[in-house]
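This report concerns only the one structure given below.
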Amino acid sequence: MKAALSTLDLQNYLGQKKKIMKIFAHFCSFTPEEILHAAGILPVRIFGSHVIEKASAHLQSYCCSYAKRVLEEGLTRPLDGSVFVHSCDTMQRLSDIWGYSVKEEFHETLVLPVVIGAGIEYLTKELDRFRKRVEVFSGEISDNTLKESISIYNENRKLLQKLYERRKKGHISAVVVDKVMKATMTMLKQEHTALLEEFLEEVDPREYSHPRLILLGSVTVDPYVLEIIEEYGQISYDDLCTGSRYLPLVEELSLRGIAQRYQSMWCPCRAVSVPRGPHILDKIKEYEADGVVLLLHKFCEPHLFEAVSIKNTLRENGYPCLQLELEDQPSPEQIRTRVQAFCEMLEG
Amino acid sequence: MKKLNTYENLKKLIGSHYMQGKTAHFFNQKVGWVSSGAPVELLRPFDVITLYPENHASICGAAKQGSEFCEVAEAEGFSRDLCSYFRCDRGSTLLGTSPIGGLPRPDFLFGCNNICGTILKWYEIASRHYDVPFLFVDTPFVHTAITDHAVEYVTAQLQQAVESLESLTGREFDEQKFVRTLELSKKCVELWTRTLEFGAYKPSPLTCFDAFTQMAAIVSLRGTQEAVTHYMTLNQELESRVQKGIAAVENENIRLLWDNIPVWYAMRGLSELFEKYHACLVADTYTNAWASAALDTGNPMESLARNYLEIYLNISMDLMLERIVALIHRFDVDGMVMHSNRSCKPYSLGQYDLARCIKEETGIPVVIIEADMVDSRVYAEEQMRTRIEAFLESLGE
Ligand code: SF4
Ligand code: SF4
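Protein chains in written order, with the numbering used here: chain A, 1422 to 1769; chain B, 36 to 432.
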């Protein structure tokens, strides 16, 4: 995929796929993509347009840029359908706003429980309701097909885990990892798996240099932010929705299994019995990192809430941390200045 | 605007409510912090003292101290873009003070995400800060209709909460007391609904500014006899106003509907502004959020679950629109004022589309004003005034 990666044009890919299958938009790592896959639908995670115009007529200035960008995308380039999950208050309302203004054949919201553990029964039934809603659109989804789809996803995620292991042994740039992750969230899984296998055979991790960073946040919408960071330091691990949080496998090949997988995914939108700080400390040690970069979206409440306890834990343990808040139109120059200063400080 | 005599009554009631909170620990009573949308009826049989951080934050806001407390939370690292009720509460906690001397330390927290996801994060933080248990009831959002599995899920959690409360208080759950609480709660909601219905009279004997003040009891004292008695008195006063033809706003000429949480620190200025144009805000979506309960004492847990699933901020825009249109017709309003409240995303996001739908369905004009409920630093008074004046002038024509 090395060659394929650098030449892979995801927009073009989708254009081709659109001719032969239905494509649904989704916005969250808690989307049961496996069910859509089993229905013969291509689930595509949306990262949004870069320019926000039409969306401003629907969303206030104090709404996060991720919501605005994806709505812009829906308004300008609608797909065949969309699947929302109840992640945060913003997404909950965006689902309705989207339903009012985007022309599509299918629209549904999976109402996730906030406490995945205690809500596992509820969630399994909610997944079943969702499956039935999809079946009305696509025709029956047999248990066997569902199992096959889950296996296909597991296979892909195993390879992604391998990618992360390789990255741990030597540096693979975060820009490349981000490309692989975005590709897997866009492509038909089995096709991505084939490319990823090739890629893993060819990839040749480089030596680590310093400073080594851990990147935390939700979604990386603009790859150029990663490029800027990696001009000054190396991201050796991430805790992102578009990164390591996507990796867990489904153990039991059923709807309940899909629900259980969500239990192992940390997300600030869910009830967190354990704060994230200690986990990050473990990762810092495991990856011998020098510092942490928090990549947040301005107005993103769940992450902004959690950021405080994470920063406190890091401070108490003597680890430097840089918080970058992305606005509607992030200024690359400003990001560069701050990242550069932070990395210089780490190099001391 | 004529002040209601019952205002003094309310002041006493809320004063003694907070006083009870302050003396609770002295009398060996447990203090619970409760979110406004949580099924407090479950707590009453345990004789715990319930306090509402949201109500407390609104008091700080009305006393114009909100921004000051917010700044303290911001200095601790909390973003200015987080809900100002939370920031205000956090700041007051850290400073240990407020217009009423700060909220007493909780022994437990009881919260429900049927108003927002903020409550979850807020109470998690408070629970860590005070090192006390957080009883959380997860209420799945209602997009089209309540699902059976959501009712099952919430009912099971309510039962679980009862067990937790038993071990927390060392008391057994008293079913009879519970049913009596539900009856009182139901009565209270009926009386409150009746209060708000007075706004349908022409001229209206009350404005939503009265309702914003008077709602303190339905939020904080639901399920108690005191609240029931209070609203009976209030309704008598309103009744006599109607008899005597006393209007809340003299020469009422424009009737309006308000949407969202009040701008607590600007209540007086805003009410005077509307009054100047003989405009009466006869109803609002906020205080009506507590006017919908249909509790069934025959099947208490499930009915509690259903009720708290369907509260205003836990339903889709379609369902909100239905309720708004019903208010517009019932109160026969000429226009609508939407407070686009930076703090509250579940309330405010979607207003642009709702405004468009309302205009299409009912033909009434809608004005959207941007502010914040507690944080006065974002309030652009002049701009607000001009916008409202232009709207009222166009309506008066
Ligand atoms: S989690 Fe944050 S970034 Fe994502 S949609 Fe919600 S508010 Fe926006
Ligand atoms: S104002 Fe809105 S966000 Fe804040 S606590 Fe209330 S419902 Fe939640």
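For each residue, glycine too, the CB sits at the ideal point set by N, CA and C. Since this is a predicted model, take the numbers as computed values, not measurements.
{"Item": "Show which residues of chain B have a CB atom less than 9 Å away from the CB atom of A/Val1532.", "Value": "Pro175, Phe176, Val177, His178, Thr182, Ala185"}
{"Item": "Please list, in chain order, all residues of the same chain as B/Cys243 whose beta carbon is under 6 Å from its beta carbon, the five residues on each side excluded.", "Value": "Trp293, Leu316, Asp319"}
{"Item": "What residues of chain B sit near A/Phe1720, judged by a beta carbon separation below 7 Å?", "Value": "Asp116"}
{"Item": "Here's the rule: buried if 16 or more other CB atoms are within 10 angstroms of the residue's CB, otherwise exposed. What is B/Trp157?", "Value": "buried"}
{"Item": "When you compare each of B/His178, B/Asn376, B/Ser70, B/Gln192 to A/Ser1482 by their alpha carbons, which one comes out closest?", "Value": "B/Asn376"}
{"Item": "With a threshold of 6 Å on Cβ separation, who are the neighbours of A/Cys1742 within its own chain once the five nearest residues in sequence on each side are excluded?", "Value": "Val1713, Lys1732, Leu1735"}
{"Item": "List in chain order the residues whose CB is within less than 5 Å of at least one heavy atom of ligand 2.", "Value": "B/Cys118, B/Tyr120, B/Ile150, B/Cys151, B/Thr153, B/Cys379"}
{"Item": "Does DSSP put A/Asp1660 in a helix, in a strand, or in coil?", "Value": "strand"}
{"Item": "If contact means a Cβ-Cβ distance below 9 Å, which residues of the segment 1720-1737 of chain A contact chain B?", "Value": "Phe1720, Cys1721, Glu1722, Pro1723, Leu1725, Phe1726, Glu1727, Ala1728, Val1729, Ser1730, Lys1732, Asn1733"}
{"Item": "Using a cut-off of 7 Å between C-beta atoms, extract the partners of A/Gly1540 located in chain B.", "Value": "Asp173, Tyr188"}
{"Item": "Is any non-hydrogen atom of ligand 1 found closer than 7 Å to the C-beta of A/Ser1508, if you look at the structure I gave you?", "Value": "yes"}
{"Item": "Counting only the same chain and skipping the five closest in sequence on each side, list residues whose C-beta sits under 6 Å from that of B/Glu416.", "Value": "none"}
{"Item": "Please compile the residues from chain B whose C-beta is within a distance smaller than 7 Å of the C-beta of A/Ile1571.", "Value": "Those do not exist, as A/Ile1571 stays about 22 Å from chain B at its closest Cβ, beyond 7 Å."}
{"Item": "When you compare the CB positions of B/Ile350 and B/Met371, do they come within less than 8 Å of one another, or not?", "Value": "no"}
{"Item": "If you check the beta carbons only, do B/Ser239 and B/Ala282 fall under 8 Å apart?", "Value": "yes"}
{"Item": "Measuring only the C-alpha atoms, how far is B/Asn149 from A/Cys1449?", "Value": "21 Å"}
{"Item": "Figure out for me which residue from A/Leu1463, A/His1471, A/Thr1511 has the closest Cα to the Cα of A/Gln1750.", "Value": "A/His1471"}
{"Item": "Could you tell me the alpha carbon to alpha carbon distance between B/Ala16 and B/Phe145, rounded to whole angstroms?", "Value": "No answer is possible for residue 16 of chain B: it lies beyond the span of chain B, which begins at 36 and ends at 432."}
{"Item": "Would you mind stating whether B/Val167 and B/Pro141 have Cβ atoms separated by less than 8 Å?", "Value": "yes"}
{"Item": "Where does A/Met1422 land, buried or exposed, given buried means 16+ other C-beta within 10 angstroms?", "Value": "Note that A/Met1422 scores 41 on pLDDT, short of 50, meaning its location in the model is unreliable and no value can be drawn from it."}
{"Item": "Using a cut-off of 8 Å between C-beta atoms, extract the partners of A/Val1491 located in chain B.", "Value": "Result: empty, since nearest Cβ-Cβ is about 14 Å, beyond 8 Å."}
{"Item": "Chain B partners of A/Gln1481, CB-CB under 8 Å?", "Value": "Ser375, Arg377, Ser383, Leu384, Gln386, Tyr387, Glu405"}
{"Item": "Grab the span of the alpha helix (DSSP H) containing B/Glu103 for me, first residue to last.", "Value": "101-110"}
{"Item": "Can you list, in chain order, the residues of the segment 94-112 of chain B whose Cβ is nearer than 8 Å to any Cβ on chain A?", "Value": "Glu111, Gly112"}
{"Item": "Is A/Glu1526 near B/His184, with beta carbons less than 8 Å apart?", "Value": "no"}
{"Item": "Between A/Glu1619 and chain B, is any beta-carbon pair separated by less than 8 Å?", "Value": "no"}
{"Item": "Can you give me the start and stop residues for the beta strand (DSSP E) that B/Gly370 sits inside?", "Value": "370-376"}
{"Item": "Give a yes or no on whether 8 Å exceeds the smallest Cβ distance from B/Ser119 to chain A.", "Value": "no"}
{"Item": "With a cut-off of 8 Å, do at least 3 Cβ pairs link the segment 403-414 of chain B to the segment 1510-1527 of chain A?", "Value": "no"}
{"Item": "Using a beta-carbon distance below 8 Å, is A/Cys1509 in contact with chain B?", "Value": "yes"}
{"Item": "To which residues of the same chain is A/Leu1581 closer than 6 Å at the C-beta, ignoring the five residues directly before and after it?", "Value": "Leu1668"}
{"Item": "Got a sec: is the Cβ-Cβ distance from A/Met1422 to anything in chain B below 8 Å?", "Value": "Model confidence at A/Met1422 stands at a pLDDT of 41, short of 50, so the residue's coordinates are unreliable; what they give is reported in the following sentence. Taking Cβ atoms only, chain B never reaches closer than 8 Å to A/Met1422, which makes this a no."}
{"Item": "Select from A/Gln1437, A/Ile1701, A/Leu1745 the residue whose C-alpha is nearest the C-alpha of A/Asp1643.", "Value": "A/Leu1745"}
{"Item": "Should B/Pro297 go down as buried or exposed, given a rule of 16 or more other Cβ atoms within 10 Å for buried?", "Value": "buried"}
{"Item": "Threshold first: 4 residues or longer. Then list the alpha helix (DSSP H) segments lying entirely within the segment 1608-1636 of chain A, N to C.", "Value": "1610-1623"}
{"Item": "Please name the residues in the segment 1675-1706 of chain A whose beta-carbon is closer than 7 Å to at least one beta-carbon of chain B, in chain order.", "Value": "Cys1690, Ala1692, Val1693"}
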